[in-house]
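Engineer: Sharing a structure below in structure tokens format, with a few things to ask.
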């Protein structure tokens, strides 16, 4: 992202915000409100993750008076959102947001982050209040029973042609620090798993509330370790509530995450076992062991074997792809085989036996692949 | 205080034009105060039906913007949290005799929704400032909060034809919201005659008491008493503000026995008023040039402080 157009002090604040925010905040567009120097940028739109969705806030600086703190324009649905308290609260406690605004210092590059976090915290409270005001018995009950759980975000969605809905984003397995469980963890942000619950609001003529829509959502980096799509959500019984549903789901998730973490070691030991037959790998993914590449030979024919592991290994066998070192097509690209998944495999074998059987298969397959490569070259 | 509902907000064409001009000539975002009056009017939608409705409930309140003062920057009379500082308002309005009716904010290339700070400022302003409601039928007037807010923006997309957008709002204390209100632009012309129904002319001239005074105090023009001299001096000051070189005594020619020369007197007065306007205009031009030069220097310093290099 180019910050050259911003005055240096604003650019510093933006850099700090984008690099240090716990949520992955993005900048959508930048522009200038200056008449005399339209190249000096002083306005931008932030895209901030909220409740498994995003909210967009316009941040308005005044490049003519760069010492004043920025102003914010919130979304069109958030007219009532009034985060600044114009009166000093009764307990005399000044919120961090008010403090950041009233003691603004444009030389301090951390202030914009403090502001955005303060505003986001207020926004969570604001949305919760809005949801609490809805005249719906089920939603009221759910709020009262899950209130003790930390970090729940709520959102009201309503549109002209859309039915009213209340969205909950419930953070799950908060006690597990997934980042710490992975050795050599490359993730910058804390990995989280949320359950999204969408309650349709009961219309006047309906009598029984319909079941909420449920969906598991994880941060995208987590896919290298564990895919939430593989988790089967148990069905929502009639008259069930969230407080009943969550403990069982969390138990399942915890077990599956632990399995996924131990699956890394399984994949690693399998790769190590392969090395006994194929020699040291050319390349291997050291953290999650999802990929490994070996050099193999059949007589004078040398080729590269790529292994791709799914998170379901060893239940699912690795996918193979062979690549010749001697056959190049017209574009000087090595000839490659199709993805191979059909070969003898049993998840109950020990890793040594898995590697041995696989290498047996490779010995046979090398002959087929050589023939395939020669044919491929003849076609040109 | 009741949270009274404003039916609409009116502004005269020239006032709006001068507001737009002031805003669009400034290099960055600006804010300022707006002054005016609040009138209670009885709408003339009388019909034969439903006489049960009492007249007071159908009264409408209308805000009229008569003038404004632009601060030339943002965060001028409030702090970054939006808390209004009455001392800074007094400093900004100087000694404007008009009632403070609200404020305005102008920002280029932004969406025309009130911002976080604008909402806070409107809330703070209307909790601290009030103005009387002008009501000819019921002079025992009540007060109303200074709750008007004008938002002036320019469109975000460059390819649009229009260059300015404005919206007016009223801050309602009951729901802590800025509610949009329609803006009525009042111009001169037959179509707008109704708007001048509540117009009461105000003259900057001292009262023409010459005739009264003569009848009460014989034919003696030369009044030696101290209070009369003081009064004459005060009157002269008021006239000096309006016309160049017109004496209090000259006003006598407009009433009483000398009113035969009425036309000549009026013409002389207009000429002297025009002379005053011209001398004011040249003063303004000179001082504007100085302000412009000073403004340029200030901006250079501000840019240096913000480390903006050009």
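Chains as they are written, first to last, in our numbering: chain A, 1 to 380; chain B, 1 to 310.
Cβ coordinates follow ideal geometry from the N, Cα and C atoms, glycine included.
Just so it is clear, the structure is predicted and the values come from calculations on it, not from any experiment.
Can you confirm whether the region 367-377 of chain A touches the region 348-356 of chain A when touching is taken to mean that 3 or more C-beta pairs between the two stretches lie within less than 8 Å?
Structural biologist: The region 348-356 of chain A, when compared against the region 367-377 of chain A, does not touch it at the 8 Å Cβ threshold.
Engineer: Exposed or buried, residue 25/A, counting other C-beta atoms within 10 Å across all chains shown (16 or more means buried)?
Structural biologist: Numbered from 1 along the first chain, position 25 holds the residue referred to as residue 25/A. Flag for residue 25/A reads buried.
Engineer: Whole angstroms is fine: what's the gap from residue 102/B's alpha carbon to residue 183/B's?
Structural biologist: On the second chain, residue 102/B is found 102 positions in, with the first residue counted as 1. On the second chain, residue 183/B is found 183 positions in, with the first residue counted as 1. Going by the C-alpha atoms only, they are around 14 Å apart.
Engineer: Can you check whether the C-beta of residue 104/A is within less than 7 Å of a C-beta belonging to chain B?
Structural biologist: Counted from its first residue, the first chain places residue 104/A at position 104. True, the Cβ-Cβ gap to chain B drops below 7 Å.
Engineer: So that I know if they touch, is there some Cβ in chain A lying closer than 7 Å to that of residue 22/B?
Structural biologist: Residue 22/B sits at position 22 when you count from the first residue of the second chain. Taking Cβ atoms only, chain A never reaches closer than 7 Å to residue 22/B, which makes this a no.
Engineer: Select from 104/B, 89/B and 72/B the residue whose C-alpha is nearest the C-alpha of residue 65/B.
Structural biologist: In the second chain, counting from the first residue as 1, residue 65/B sits at position 65. Here the closest residue by C-alpha is 104/B.
Engineer: How far does the alpha helix (DSSP H) with residue 118/B in it extend, from its first residue to its last?
Structural biologist: Within the second chain, the letter at position 118 stands for residue 118/B. First-last of the alpha helix (DSSP H) with residue 118/B: 116-128.
Engineer: Could you name the residues of chain B that residue 82/A contacts, counting a contact when the two beta carbons are closer than 9 Å?
Structural biologist: Against the first chain, residue 82/A aligns to sequence position 82. Per Cβ cutoff of 9 Å: 116, 119, 120, 123, 176 and 177.
Engineer: At 9 Å on the CB atoms, spell out the chain B contacts of residue 36/A, in chain order.
Structural biologist: Counting from one through the first chain, the residue named residue 36/A turns up at place 36. 27, 28 and 299, listed in chain order.
Engineer: With 7 Å set as the bound, which would you pick, yes or no: does the beta-carbon of residue 384/A sit closer than that to a beta-carbon of chain B?
Structural biologist: With chain A covering 1 to 380 only, the question about residue 384/A has no answer from this structure.
Engineer: Which partner residues does residue 63/B have in the DSSP bridge list?
Structural biologist: Numbered from its first residue, the second chain carries residue 63/B at position 63. In DSSP, residue 63/B forms a bridge with 9/B and 38/B.
Engineer: Output the distance between the C-alpha atoms of residue 217/A and residue 185/B, rounded to the nearest integer angstrom.
Structural biologist: Start at 1 with the first residue of the first chain, and residue 217/A comes out as number 217. Start at 1 with the first residue of the second chain, and residue 185/B comes out as number 185. Spanning the two alpha carbons is a distance of roughly 53 Å.
Engineer: Using the beta-carbon of each residue, which ones in chain C are nearer than 7 Å to residue 79/B?
Structural biologist: Included in the structure are the protein chains A and B, with no chain C among them.
Engineer: In three-state DSSP terms, what is residue 302/A?
Structural biologist: Mapped onto the first chain, residue 302/A falls at position 302. Here residue 302/A sits in strand by DSSP.
Engineer: Just verifying my parser: in three-state terms, what is the DSSP assignment at residue 225/B?
Structural biologist: In the second chain, the residue the question calls residue 225/B occupies position 225. If DSSP states are grouped into helix, strand and coil, residue 225/B belongs with coil.
Engineer: Kindly indicate which residue of 98/A, 102/A and 36/A has the alpha-carbon position closest to the one of residue 68/A.
Structural biologist: Translated into the one-based positions of the first chain, residue 68/A becomes position 68. It is 102/A.
Engineer: Any beta carbon of chain A sitting closer than 7 Å to that of residue 145/B?
Structural biologist: As a position in the second chain, residue 145/B is number 145, starting the count at 1. It does not: the Cβ of residue 145/B has no partner Cβ on chain A nearer than 7 Å.
Engineer: Could you pull out every residue in the same chain whose Cβ sits closer than 7 Å to the Cβ of residue 7/B, ignoring the five residues on either side in sequence?
Structural biologist: Position 7 of the second chain, counting from 1, holds the residue named residue 7/B. 60, 61 and 62.
Engineer: Under a Cβ-count criterion, where at least 16 other Cβ atoms within 10 Å of its own Cβ denotes burial, should residue 19/A be classed as buried or exposed?
Structural biologist: Translated into positions along the first chain, residue 19/A becomes position 19. Residue 19/A is exposed by the Cβ-count criterion.
Engineer: Please list the partners that residue 312/B has in chain A, where partner means a Cβ-to-Cβ separation under 9 Å.
Structural biologist: Residue 312/B cannot be examined here, being either before or after the span of chain B that is shown, 1 to 310.
Engineer: Is it right to say residue 142/A is buried, meaning 16 or more other beta carbons lie within 10 angstroms of its own, or is it exposed?
Structural biologist: Start at 1 with the first residue of the first chain, and residue 142/A comes out as number 142. It is buried - the Cβ of residue 142/A has at least 16 other Cβ atoms within 10 Å.
Engineer: Measure from the C-beta of residue 279/B to each C-beta in chain A and report whether the shortest distance is under 7 Å.
Structural biologist: What you label residue 279/B is simply residue 279 of the second chain in a count that begins at 1. No, residue 279/B does not count as interfacial toward chain A.
Engineer: Which residues, in chain order, does the region 102-114 of chain B contribute to contact with chain A at a C-beta distance below 7 Å?
Structural biologist: Those would be 107, 108, 109, 110, 111 and 113, in chain order.
Engineer: Under the assumption that residue 131/B contacts residue 81/B (Cβ atoms under 8 Å), give the Cβ distance between them as a whole number of angstroms.
Structural biologist: By 1-based counting over the second chain, the position of residue 131/B is 131. By 1-based counting over the second chain, the position of residue 81/B is 81. Not confirmed; about 25 Å, so no contact.
Engineer: Under 8 Å Cβ to Cβ from residue 10/B, same chain only, skipping five residues before and after it: list those, please.
Structural biologist: Here residue 10/B refers to the residue found at position 10 of the second chain. Taken in chain order, the residues that qualify are 62, 63, 64, 65, 183, 184, 185, 186 and 195.
Engineer: Step through the CB atoms of chain A and report whether any lies within less than 7 Å of the CB of residue 157/B.
Structural biologist: Stepping through the second chain from its first residue, residue 157/B is reached at position 157. Not one chain A Cβ lies under 7 Å of residue 157/B.
Engineer: Taking the C-alpha atoms as reference points, what is the distance between residue 219/B and residue 250/B?
Structural biologist: What you label residue 219/B is simply residue 219 of the second chain in a count that begins at 1. What you label residue 250/B is simply residue 250 of the second chain in a count that begins at 1. Low confidence applies here, because residue 219/B scores a pLDDT of 44, under 50, leaving its location unreliable; read the following figure in that light. Going by the C-alpha atoms only, they are around 17 Å apart.
Engineer: Output, in sequence order along the chain, the residues in the region 61-88 of chain B whose CB is closer than 8 Å to any CB in chain A.
Structural biologist: Residues passing the 8 Å Cβ filter: 73, 74, 75, 79, 80, 81, 82 and 83.
Engineer: Go to residue 128/A, then tell me how far its beta strand (DSSP E) extends in each direction, as first and last residue.
Structural biologist: As a first step, residue 128/A is located in the first chain; it is residue number 128 there, counting from the start. First-last for residue 128/A: 111-132, but that is the alpha helix (DSSP H), not the beta strand (DSSP E).
Engineer: Looking at C-alpha atoms only, which residue of 319/A, 176/A, 219/A and 302/A is the closest neighbour of residue 335/A?
Structural biologist: As a first step, residue 335/A must be located in the first chain, where it is residue number 335. The candidate whose alpha carbon is nearest that of residue 335/A is 302/A.
Engineer: Which residue comes first and which comes last in the beta strand (DSSP E) that contains residue 194/A?
Structural biologist: Taking the first chain and counting its residues from 1, one reaches residue 194/A at position 194. It spans 193-200 - the beta strand (DSSP E) in which residue 194/A sits, taken as one unbroken run.
Engineer: Would a check of beta-carbon distances place residue 69/A closer than 7 Å to chain B?
Structural biologist: Taking the first chain and counting its residues from 1, one reaches residue 69/A at position 69. Chain B, which has a Cβ nearer than 7 Å to the Cβ of residue 69/A, makes this yes.
Engineer: Please say whether residue 172/A and residue 195/A have beta carbons closer to each other than 7 Å?
Structural biologist: Sequence index remark: in the first chain, residue 195/A carries index 195 (1-based). Sequence index remark: in the first chain, residue 172/A carries index 172 (1-based). Contact flag set, yes.
Engineer: Among 96/B, 38/B and 163/B, which residue has its Cα nearest to the Cα of residue 148/B?
Structural biologist: In the second chain, residue 148/B corresponds to position 148, counting from 1. Comparing Cα-Cα distances from residue 148/B to each of 96/B, 38/B and 163/B, the minimum goes to 38/B.
Engineer: Between which two residues does the alpha helix (DSSP H) carrying residue 303/B extend?
Structural biologist: One-based indexing of the second chain puts residue 303/B at position 303. Residue 303/B -> alpha helix (DSSP H) spans 262-305.
Engineer: Would you say residue 307/A and residue 267/A are within 7 Å of each other, going by their C-beta atoms?
Structural biologist: Start at 1 with the first residue of the first chain, and residue 307/A comes out as number 307. Start at 1 with the first residue of the first chain, and residue 267/A comes out as number 267. Cβ distance not < 7 Å, so residue 307/A and residue 267/A don't count as in contact.
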